[in-house]
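To keep things clear, I will list the structure first and then write my remarks on it.
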Amino acid sequence: MNVYLDNAATTPMDPEVVALMTRVMTENYGNPSSIHALGRKSRTLIEKSRKKVAKHLGVAPGEIFFTSGGTEADNMAISCAVRDLGVTHIITSPLEHHAVLHSAERMVEEHGVKLSIVQLLPDGHVDLGHLKTLLEENADRKTLVSLMHANNEVGNLLDVAQVGALCRENGAYFHTDTVQTIGHLEVTPKEWGVHFLAASAHKFHGPKGIGFIYVDENVQVKPILTGGSQERNMRGGTENLIGIVGMAKALDIAIEELDEIRTRLTDIRNHMMTRLQNEIEGVKFNGDYNGRTNYIVLNVAFPDNGDGDMMLFNLDIAGIAASGGSACSSGSNVGSHVLRAIGKNLNMNSVRFSFGKFTTKEDVDYAVDKLVELINGKAVQA
Ligand code: PLP
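Okay, structure coming up:
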């Protein structure tokens, strides 16, 4: 049996999205910048997709710019804030994705920006009292606050509206990475008071290599890729038409099914937690697992049975796909910067299981059965 429990790394595509993309790929090969009928058809598809995405976020279509994914959107928000908005101070957290952390570090090296790292509370949530202090202490600087909506490794959810209010009170810009929440939770940038927001299609059963950035209409930023006049002069280059159409379709489906899938996956996640607690002595969960958390992630800390670093390998042999950290840090074997930041030194034994709309209770039961065998030292049979 093969069980996929790594949906926070990426999700399998929805067959309806694949069908639509295949059709568009076959029929709509016109360059969206060409003025003939085929080109105009492609242009229409792009603008219809932009309208759909904007509608789901409650924003204007002109505030959505398509990118190659979440990484580009995060990079763009941070670079543009420094280059175009006069930001000289960035506040972020140790929990952020490397697309944010490394971009912020680059701004320090290349532009002499001051970087402040906000403290965390014992449950791994951002200490909003400390955030307020950092904003007040740096009142003489133009600040960008970059904090993610949900953490990709442990699932902790930020009170985005409260951060937005703090930013507004202190005249700071606010960027949030919603890569792990868009399509799974309500995302409302206008209500939150967000200036920049990053999203990626492959986390909600859409294609890889496509995402978008929301940029508040009151914020004027310059092009990130110069070239043609695509994306209203903000990002040159022939558009990824198939990706854009696929992303909009995937988001339509995700929003339509959101309530139903949230209920089902919350139930599956609780079932997994309960079984693990009942059947594996000493098992723990990382992050605010019973509180403000994203229902698609369960980060489990297993007791040390002497072969902790073999855990993912053994799961893989049993046909179970899961992650040790984020997909990008998994390969580099340096341990998770997120678990380190929230004070866990059990890196080797922590496994992130993450769920998507194709996850079933049977998948989770199979995984728990194998985990029980593994932890109890029995041979695992695939
Ligand atoms: N931000 C978060 C929180 C993520 O989980 C990821 C993907 O793992 C990214 C950004 C990067 O997105 P993309 O893979 O679309 O570049």
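Numbering (numbering that gives the first Met the number 0) for the sequence shown: 0 to 381.
Backbone N, C-alpha and C fix where the C-beta goes; we use that ideal spot for every residue, glycine too.
These numbers were taken from a predicted model, which means no experiment stands behind them.
Item, Value
"heavy atom of the ligand PLP below 8 Å from T70 C-beta", "yes"
"Residues of its chain near G386, where Cβ-Cβ distance is below 8 Å and the 5 sequence neighbours each way are ignored", "This structure does not reach residue 386, given that the chain is present from 0 up to 381, and the question cannot be answered."
"Within 9 Å, strictly: CB atoms of V159 and H194", "no"
"Proximity test, G396 beta-carbon vs the ligand PLP heavy atom, cut-off 8 Å", "The shown model of the chain, from 0 to 381, leaves out residue 396, and the question about it has no answer."
"Straight-line Cα distance separating T142 from L250", "32 Å"
"Exposure of V16, with buried meaning 16 or more beta-carbon neighbours within 10 Å", "buried"
"Coarse secondary structure for G283, derived from DSSP in three states", "Checking the sequence, you will find Lys at residue 283 rather than Gly. K283: strand per DSSP, three-state reduction."
"Sheet register partners of Y288 (DSSP bridge)", "According to DSSP, which records beta bridges pairwise, Y288 is partnered with nothing at all."
"Run of the beta strand (DSSP E) containing S145, from where it starts to where it stops", "T142 to S145"
"Rounded separation between S331 and H101 - CA only", "For S331, the pLDDT reaches just 49, beneath the cut-off of 50, and the residue's location in the model is therefore unreliable, leaving the point undetermined."
"At least three beta-carbon pairs within less than 8 Å, the stretch 153-172 to the stretch 48-60", "no"
"Under 9 Å between C-beta atoms of L146 and T187", "no"
"The ligand PLP heavy atom lying under 8 Å from the CB of M147", "yes"
"Inter-residue Cα distance where the pair is E26 and A247", "18 Å"
"Boundaries (first-last residue) of the beta strand (DSSP E) holding S176", "According to the sequence provided, residue 176 is Asp. The question's Ser does not apply to it. First-last of the beta strand (DSSP E) with D176: Y172 to D176."
"Cβ neighbour criterion (16 or more within 10 Å) applied to M75", "buried"
"Secondary structure, beta strand (DSSP E): runs of 3+ residues fully inside the stretch 202-253", "210-214"
"Identity of the residue in T70, G68 and S48 nearest G61 by Cα", "S48"
"N-terminal and C-terminal residue of the alpha helix (DSSP H) that K50 is part of", "A36 to L56"
"Nearest residue (CA-CA) to V81, options P302, K113 and T9", "K113"
"Delimiting residues of the alpha helix (DSSP H) encompassing A197", "That residue, A197, is in no alpha helix (DSSP H); its beta strand (DSSP E) goes F195 to S199."
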